[in-house]
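In this text, residue positions in the sequence shown follow numbering that gives the first Met the number 0: the first is 0, and each later residue adds one. Glycine is no exception: its CB is placed at the ideal position from the N, C-alpha and C atoms.
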Amino acid sequence: MERNIVVLKSAFSAAACLSATLLCVAAAQTAPSNPIDPIYACQTIPADAERLACFDQAVATLKARETAGEVQTVDVAAIESIEKEAFGFSLPSLPSLFRSQAGDTAPRESVSEITVPVKSARIQGVTGKVVVVLENGQTWEQTDTVKANAFAIKKAKEARIRKASMGSYMLSLDGAASFRAKRIS
């Protein structure tokens, strides 16, 4: 009789552990913070058949979410491209979306400077402010009162824009003196 009780306790404990594991895996599959967490959860299942079934289900779910447009895979080069395209706009959530390494909780360092070929540059007649259109489609406008050489502005080939203090940006054309600027498009 005592032996039967021990066996029942062991069976009950195993069933409880299995139920808890299945609940954890199910919870991870319904609302994962990282879309590939369910795949990682499958890796912890010791039995080959169950682990394979878990992988098959997790991959099928991920593929369905990708097909539905809920999930998209982005590599580091694409992230850097997005950050450069968004440079100059206030997007506070962008850096926190991308981490520097897998498992890292700190956001990766965002782009603090870009150098881009100039498509056109001019001085506005009424305000005397410099307006620079870059090859990547960005348009920047001078915000300070620094006087610029109109001839040098029109011949500019390259713009270097860097983050400055208090959310401002400094723009330099062909290595000349910098002026404060804001991105307008």
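In whole angstroms, what is the alpha-carbon distance linking residue 181 and residue 75? 27 Å
Whole angstroms is fine: what's the gap from residue 185's alpha carbon to residue 149's? For the chain, the structure presents residues 0 to 184; residue 185 sits outside this window and is missing.
For residue 82, count neighbouring Cβ atoms within 10 angstroms of its own Cβ and tell me buried if that reaches 16, exposed if not. buried
Closest by C-alpha distance to residue 79, when choosing among 57, 55, 58 and 112: 112
Residue 36 versus 183, 135 and 54, residue with shortest Cα-Cα distance: 54
Give the straight-line distance between the Cα atoms of residue 33 and residue 46, rounded to the nearest whole angstrom. 24 Å
For residue 141, does the count of other Cβ atoms within 10 angstroms reach 16, so buried, or fall short, so exposed? buried
Three-state secondary structure (DSSP) at residue 172? strand
Alpha-carbon to alpha-carbon, residue 39 and residue 51: 12 Å
Can you check whether the CB of residue 131 is closer than 8 Å to the CB of residue 172? yes
Look at the Cβ atom of residue 118, then the Cβ atom of residue 133, and state whether they are nearer than 8 Å. yes
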